[in-house]
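Enquirer: Counting along the sequence shown from 1, when you hit position 128 you're at 129 in this note's numbering, and nothing is skipped either side.
Where a beta carbon is used, it is the ideal one built from N, C-alpha and C, also for glycine.
From a predicted model like this one, the values you see are computed outputs, not experimental measurements.
This is the structure, below, for whatever I ask next.
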Amino acid sequence: MARYFDVHPRDPQPRSVAQVAALLREDALIAYPTDSCYALGARLDSPTGAERIRRIRHLDDKHHFTLVCADFAQLGQLVMLDNAAFRAIKAVTPGPYTFILPATKEVPRRLAHPKKRTVGVRIPDHPFVRALLQALGEPLLSSTLLLPDDDEPMTDGWQIKEQLDHVIDAVVDAGDCGTE
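As structure tokens, then:
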């Protein structure tokens, strides 16, 4: 049964943030709000996180996972950035944008696209995610919470709890978040 965290959308409670970070350190899979919709997240080095996300979403090994980063220091360790890409990303982040870029050797092979060796990266602007990344001290492996046969990603925390209670470890509900 998934734990349920009801957090303030603009000022998340530090205790809840710390509890979610602790769950992630114990190899948990969470559903959490982003700038645009809810997502599934796990630690980057989680032995089961990527596979659990693939099972829930019915994804193949060609799916680009997103690595959610706190800042450019984390992003620069995971992807190769030339000056043009750096300037373009700097102009629109933090925000609801994911960039597909060549992965560095720091990215586990199982997370990068098998042929292109690319990965999605994002620096979010959602208060909860920013607080979680700071508490965790490392990037988060992530994928949009778009279930098989659904046309739109999930946007309601309580609905996620009801629907995915048996396959995830925690739901962080910061209210509805709409797709951008």
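Could you tell me the distance, in whole angstroms, from the CA atom of Met81 to the CA atom of Phe87?
Expert: Sequence index remark: in the sequence shown, residue 81 carries index 80 (1-based). Sequence index remark: in the sequence shown, residue 87 carries index 86 (1-based). The straight-line gap from Cα to Cα measures roughly 10 Å.
Enquirer: With the cut-off set at 7 Å, would you say Leu30 and Ala19 are in Cβ contact?
Expert: Looking up residue 30 in the sequence shown gives position 29. Looking up residue 19 in the sequence shown gives position 18. It is not a contact, given that the beta carbons lie outside the stated cut-off.
Enquirer: Tell me where the beta strand (DSSP E) around Phe100 begins and ends.
Expert: What you label residue 100 is simply residue 99 of the sequence shown in a count that begins at 1. Run containing Phe100: Phe100 to Pro103, per the beta strand (DSSP E) assignment.
Enquirer: Please tell me whether Tyr32 and Ile161 are closer than 7 Å, where the distance is taken between their beta carbons.
Expert: In the sequence shown, counting from the first residue as 1, residue 32 sits at position 31. In the sequence shown, counting from the first residue as 1, residue 161 sits at position 160. It should be pointed out that residue 32 corresponds to Ala in this sequence rather than to Tyr. Cβ distance < 7 Å, so Ala32 and Ile161 count as in contact.
Enquirer: Does DSSP classify Val93 as helix, strand or coil?
Expert: Stepping through the sequence shown from its first residue, residue 93 is reached at position 92. Note: Val93 maps to helix in three-state DSSP.
Enquirer: Helix or strand or just coil, what does DSSP make of Leu112?
Expert: Walking along the sequence shown from the start, residue 112 turns up at place 111. If DSSP states are grouped into helix, strand and coil, Leu112 belongs with the helices.
Enquirer: Go ahead and label His9 buried or exposed: buried means 16 or more other beta carbons lie within 10 angstroms of its beta carbon, across all protein chains shown.
Expert: In the sequence shown, counting from the first residue as 1, residue 9 sits at position 8. Looking at its Cβ environment, which holds fewer than 16 other Cβ atoms inside 10 Å, His9 is exposed.
Enquirer: When the Cα of Pro115 is compared with those of Leu24, Gln14, Tyr5 and Lys63, which residue comes out closest?
Expert: For the purposes of this step, residue 115 is taken as residue 114 along the sequence shown, with counting starting at 1. Ranking Leu24, Gln14, Tyr5 and Lys63 by Cα distance to Pro115 puts Lys63 first.
Enquirer: Taking one C-beta from the region 43-59 and one from the region 122-133 each time, how about it: are there three or more such pairs within less than 8 Å?
Expert: no
Enquirer: Just how far apart, CA to CA, sit Ser144 and Ser47?
Expert: As a first step, residue 144 must be located in the sequence shown, where it is residue number 143. As a first step, residue 47 must be located in the sequence shown, where it is residue number 46. Cα to Cα, Ser144 sits roughly 14 Å from Ser47.
Enquirer: Pull up the distance between the alpha-carbon of Arg56 and that of Ile90, whole angstroms please.
Expert: Mapped onto the sequence shown, residue 56 falls at position 55. Mapped onto the sequence shown, residue 90 falls at position 89. When rounded, the distance between both Cα atoms is 31 Å.
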